[in-house]
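Comments concern the structure below.
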Amino acid sequence: MSQLTHEIREAARKLLRNKQAQLVIGFEEGSLPLRGRPCFIRKEEDVDRLVWTSFSDINVARYLAKRKEKVALVAKGCDSRALVELIKENQVSRDQVIIIGVPCEGMIDRPRIEAEVGHKAIVEVEETENRLTLKGRDFEKAFDRREFLYERCKACDHRNPVLYDVLVGQLVEEKVRESFPDVEAFTALDREKRWAYLAEETGKCIRCYACRNACPLCYCPECFVDTSQPQWVGKSTGLSDTLVFHLVRAFHLAGRCVACGACEQACPMGVDIRKLNRKLVKDVKDLFNYEAGVSLDEASPLATFCATDPDQFTVNP
Amino acid sequence: MIREDAGILRKERLESLLEDLLRDHLVLAPTRKGELLLLEKIESARDVVLEDGKTKNSAKSALFPQRERMFAYRAEEGKVDIQVPPPAEEKQILFGVRPCDARGLLLLDAVFGGDSRDPYYVDKRIRTLVVSMACVNPGPSCFCLSLGGGPCSSDGSDLVLLDLGDRYVVEAASEKGKAFLQNPSFEEADEEAMAKAEKIRKEAESAMNPASIAKALEERLEHVDDPLWGDLTESCLGCGVCTYLCPTCHCFDICDEAAATTGERIRIWDSCQFPLFTQEASGFNPRPSEKERFRQRIMHKFRYLPKDRHMAGCVGCGRCVTECPVNLDIREVLEKLSRAEAQ
Amino acid sequence: MENPYVPFLMKIEEIVTETEDEKIKTFVLSFTSEEDKERFAYRPGQFAEISVFGKGEAPFGMASTPTLPERLEFSVSKIGVVTGALHSMEKGDMVGVRGPLGNGYCLEAFRSKNLVLIGGGFGFSTLRSLTNYILHERNRKAYGDLTVIYGARKPGLLLYRRDLETWGQRTDLRLHLTVDQKDKEDGWQGNVGLVPNVVRSVAPSPENAVAVVCGPPAMMKFTLPVLRDLGFSDENILLSLEKRMKCGIGKCGRCNVGSKYVCSDGPVFSQSELVRL
Amino acid sequence: MKESGTWEPKIVAFLCNWCSYAGADLAGISRIQYPPTIRIIRVPCSGRIDPLFILASLQKGADGVLVSGCHPGECHYLTGNYSARRKFALLKGLLEYVGLEEDRVQFSWVSASEGARFAKVVEKVTARITALGPAKQLVKNVPGGSFDVAAHS
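Residue numbers (the working numbering), protein chains in the order written: chain A, 108 to 424; chain B, -5 to 337; chain C, 600 to 876; chain D, 4 to 156.
And the structure:
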């Protein structure tokens, strides 16, 4: 058992025992190799289900909205950032949550590992320090986990929780401020190439809405794709409607997206959803000097303005 | 001849067989699109990927596509003209689907066939030959055995291929399949091959770790208000992954896509996991939360369909297990329901 | 192969605004071909899917009676996309119709029985169909006593005013109208009270009788125990359910309730069937 | 669409009631000529514009969209256009990024007294969109003139 797992369990046990929290939301082992999953602990005797692995990759802040009880949340950097936005948007009250902060060293990119072993069935996984051993029926392969992190985790500059009440483990060193080489590289492509890429990615989408439903900040009671009067977006999988869904969803997350990757990770079809979000994260930073989910005090960029905001994009005859 | 419903296909003849079929068939087979393994129309035998397990999408996509035109219309000056697309002429082959997917077609047959036949499905179905690939190496999420199928089951297939290493044993499971075996690519099956196939079949079955879905489940499902449902569904995101990728889920919506005077009526997949599925125009929703919707999914599959169509709405393919974004494992749900006493 | 998803065309002959709030209109439709008319042999309690091309389809129970086979009537409450579009249509416009769908009321089982029809609000439309069917001179003798209890929220929301007047003058039918509330100005002389209470005070005899209930969920829920108290057995209480439906032929899965589909197994169920679901 | 050669674009123009709409009116009563390419939708403020309005226009076959509001600092509701400006900047960037033809969606500020400016904006916007030709990228393919059953299935 890792030290972090141990410390998370102890923190949860204490909070439940002292009745400081009625519910602990954290991670447990999944039912399959390479999988973790959210878990909901209400009794002290269940605390040992909690674990911390390279697969504790779901954004659990998603489960906070509309709860009545006092909740302790096991939060890595991105969970805590989502929580900051939720608090700012009055979806969660700060007093209602006890944050068990976990410094995060990145989560493993499951699809990439699966491709690495040639899509063979993985039956068992062992994790020790930075070593990951995968076993199948007729193979065994070991990896350095640091080489197989999600792209978003490699680029992450908020690995430590930005907000916490209890800290487990030791804070890790943060990377230097992120630049956006991916966005710049994509921008440099021909317009036709960019459109073709997005059309192809959109073409994979099956409109299951896993991206939206996994997103900690997509909490609208009625999503714009679901309204019928008027029906803004058609329900079928044609390029036009599907792309408009992704564009507007990305736009609704402008200045709010904390780059946790819950969307792309939930997507069963491997659609490059973050392509759009990353562009908006960059523009929000460049144009309005704002970064989502890092400060409780700073106003959200689309809820405020500045007289000197950029204007060059308008037509000036 | 040992058995007239069995034959041998040497692996080196697979490509020429497929090329041959491609001449006058629409052939759908597992193929890679980037990292995705999809059951899709192939252009060349070389696109086929038979070894990598099940495709991301299920075989239902071939017969019950996510989006399908029911008819086109033109409505002008008090006149309406409706045009129904003519049924496809081309024969199609689903090549290399897994036995779970083939078995799933039986449920779709029961739903879309039967009373008031669904012409869109049935037209395609009668033109379709299903050649499945037995699973000699079932994955950790597979549980077909728990639902009456098996890694080498022939239910729903016309032919089943079983990999012996250098060749396939091919068994026909229908008259259509038998007729197909007349193709000169196949050779006569020999005793040794058949015995080897049987051994592999047994091994594949014993390598599986079926979920223990007890008889008690049936009785337990009678208790709609079981408090266990709340605990079971706490992590559910309410997305449509499980139902859209499921080989048996078949719920759909019908809607119009319109320009000013012309348009089309389409049907598209829908999911019982979405609030809009049952929400009435007044805003009232008989299934207001993930709990009721998840329960409906389980009930429909394991209680209603067995009564109504004499077959569970689940073939144990495990797609919902591997693809659920939060790993809400249906096997565990069923096990818990089979185990616990109703309260 | 017969395609059950393709509608045939009908022409709007007349549009009757039924209620004072103009939210419910009855559309009188005529067939455009003799074949369509012949194929559309229906019984009260069945429904049809009406298409507004470009907007979609929605299910409506037939409010007309099969004894007048030239015309179909549908009462439409303006709440959603299709109903909104229907409400803006005019005389002469074309709509698509698919049907008849569903099981309808089991007329064979009603023969020589006393019938108690209990309707609330908009749910009364198929009971109007049934009432007019039974009152037809060819049919009346085949059935026993006929009691109709019908309520709306306000007097101005009662449907089928003309029918109600005619029925009120007949001696072979006991008609009890009620409203939940009345205004001072509307001059309502009749009953004031909720449908379940009216059923209790009318107290129809369960002897050789069948009760048919159709109305909003709350009304059905509270009427049920009253009927049971009066001695009606669950087999003799029929309910017409309303659910979101799409295909109308038991395929699309939307209206699944237990192992039944409201569209193809219903919409009419006996209470004893519903208890088992 | 007219015969080839005489094609002119259809442009949906969302105009703020308090400025650009009045500006368009002024252009009209001042008899200032500008291309008859725009279909005006009056909105109470440029802050009312939801990106969905713009995208839905393109889906339904508009060749371009123009959004025009009050000059920054002159909003009838004080700050509506300031908020809108931030949204528009992000939207414009996003649409460009995904490879939508850049000039399909354009924004401008025109006051109630600027009839001539309004005409010039329309001229410029029309010229750019005309140069692009009919929009294809986001248009939703509904069986149209050909009424072709085989297509799009």
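Each residue gets a CB set at the ideal place from its N, CA and C atoms; glycine is no exception.
Checklist entry - Looking at the structure shown, is C/ASN855 part of a helix, part of a strand, or coil, going by DSSP? => result strand
Checklist entry - Apart from the five residues on each side of it in sequence, which residues of its chain come closer than 6 Å, Cβ to Cβ, to B/ARG26? => result Contacts found: VAL43.
Checklist entry - So with Cβ pairs under 8 Å, would you call B/GLN337 a contact of chain C? => result For B/GLN337, the predicted model reports a pLDDT of 48, less than 50, meaning its position is unreliable and no value from the coordinates is stated.
Checklist entry - Which residues, taken in chain order from the segment 314 to 327 of chain A, show a beta carbon closer than 9 Å to some beta carbon of chain B? => result ARG314, CYS315, TYR316, ALA317, CYS318, ARG319, ASN320 and ALA321
Item to check | Interface partners of B/GLU317 on chain A, CB under 7 Å | outcome: PRO375
Next on the checklist: Counting only beta-carbon separations shorter than 8 Å, does A/THR294 have a partner in chain D?
Outcome noted: Closer than 8 Å: yes.
Next on the checklist: Quick check on DSSP: helix, strand or coil for C/GLN768?
Outcome noted: helix
Checklist entry - Under the three-state reduction of DSSP, which class applies to A/GLN127: helix, strand or coil? => result coil
Checklist entry - For the alpha helix (DSSP H) that contains B/TYR115, what are its first and last residues? => result Where B/TYR115 is concerned, the enclosing alpha helix (DSSP H) stretches over 113 to 120.
Next on the checklist: Taking CB distances under 8 Å as the criterion, tell me whether A/PHE147 reaches chain B.
Outcome noted: yes
Item to check | Whole-angstrom C-beta distance between C/VAL696 and C/ILE649, which should lie under 8 Å | outcome: 6 Å
Item to check | Span separating the alpha-carbon of D/LYS123 from that of A/PRO424 | outcome: 6 Å
Item to check | Any chain A beta carbon closer than 8 Å to B/VAL320 | outcome: yes
Next on the checklist: Does the CB of D/SER149 have a neighbour CB from chain A at under 8 Å?
Outcome noted: At D/SER149 the pLDDT is 38, less than 50, meaning the model places this residue with poor confidence and gives no usable figure here.
Checklist entry - With 16 other CB atoms within 10 Å as the buried threshold, where does D/ILE32 fall? => result exposed
Checklist entry - Quick one: what does DSSP say D/GLY50 is sitting in, helix, strand or coil? => result helix
Checklist entry - Are the beta-carbon atoms belonging to A/ALA361 and A/LEU387 less than 8 Å from one another? => result yes
Next on the checklist: Pull the bridge partners of B/GLN86 from the DSSP assignment, please.
Outcome noted: In the DSSP assignment, the residues bridged to B/GLN86 are B/LEU20 and B/THR122.
Next on the checklist: the ligand HEM and B/LEU22: does the residue's C-beta get closer than 7 Å to at least one heavy atom of that ligand?
Outcome noted: This structure simply doesn't include the ligand HEM, nor any ligand for that matter.
Checklist entry - Quick one, which of A/HIS226, A/LYS227, A/VAL209 and A/ALA306 has its alpha-carbon nearest A/LEU278's? => result A/VAL209
Item to check | chain B contacts from the segment 244 to 268 of chain A (Cβ-Cβ distance under 7 Å) | outcome: Within the segment 244 to 268 of chain A, the residues whose Cβ lies closer than 7 Å to some Cβ of chain B are ARG244, listed in chain order.
Checklist entry - Counting pairs of Cβ atoms below 8 Å between the segment 308 to 316 of chain B and the segment 131 to 139 of chain B, do you hit three or more? => result yes
Item to check | Through-space distance from B/ARG297 to B/LEU156, alpha-carbon basis | outcome: Whole-angstrom Cα-Cα distance: 33 Å.
Checklist entry - Excluding sequence positions up to five away, which residues of its chain have a Cβ less than 8 Å from the Cβ of B/LYS35? => result Answer for B/LYS35: LEU20, VAL21 and LEU22, listed in chain order.
Checklist entry - What are the complete beta strand (DSSP E) segments, minimum 3 residues, inside the segment 674 to 758 of chain C? => result 693 to 700, 713 to 719 and 745 to 751
Item to check | Within 9 Å of chain D by C-beta, residues of the segment 355 to 367 of chain A in sequence order | outcome: VAL355, ALA357, PHE358, HIS359, ALA361 and GLY362
Next on the checklist: What ranges does the alpha helix (DSSP H) occupy inside the segment 206 to 272 of chain B, keeping only unbroken runs of at least 4 residues that lie completely in it?
Outcome noted: 210 to 214, 222 to 226 and 235 to 239
Checklist entry - In the structure shown, what three-state DSSP assignment does B/ASN321 receive? => result B/ASN321: coil per DSSP, three-state reduction.
Next on the checklist: Whole angstroms are fine: how far does the CA of A/GLN203 sit from the CA of A/THR112?
Outcome noted: If you draw a straight line from the Cα of A/THR112 to the Cα of A/GLN203, it comes to about 24 Å.
Next on the checklist: Alpha carbons only, please: which of C/PRO805, C/LEU837 and C/LEU876 is nearest the one belonging to C/GLY644?
Outcome noted: C/GLY644 has its Cα closest to that of C/LEU837, out of C/PRO805, C/LEU837 and C/LEU876.
Checklist entry - Along chain D, in chain order, which residues have C-beta atoms closer than 9 Å to that of A/VAL388? => result Here the premise fails: no neighbours, minimum Cβ distance about 11 Å.
Item to check | Members of the segment 856 to 872 of chain C near chain B, C-beta cut-off 7 Å | outcome: GLY857 and SER858
Checklist entry - Quick one: what's C/THR616 bridged to in DSSP? => result By DSSP's assignment, C/THR616 forms a beta bridge with C/LYS624.
Checklist entry - At which residue ranges does the segment 633 to 667 of chain C contain complete beta strand (DSSP E) runs of 3 or more residues, listed in the order of the chain? => result 646 to 651 and 655 to 660
Item to check | Chain-ordered chain B contacts of C/LEU608 [CB-CB under 7 Å] | outcome: VAL74
Checklist entry - What residue range is occupied by the uninterrupted alpha helix (DSSP H) comprising C/PRO820? => result The residue you asked about is not Pro; residue 820 of chain C is Lys in the sequence shown. It spans 816 to 829 - the alpha helix (DSSP H) in which C/LYS820 sits, taken as one unbroken run.
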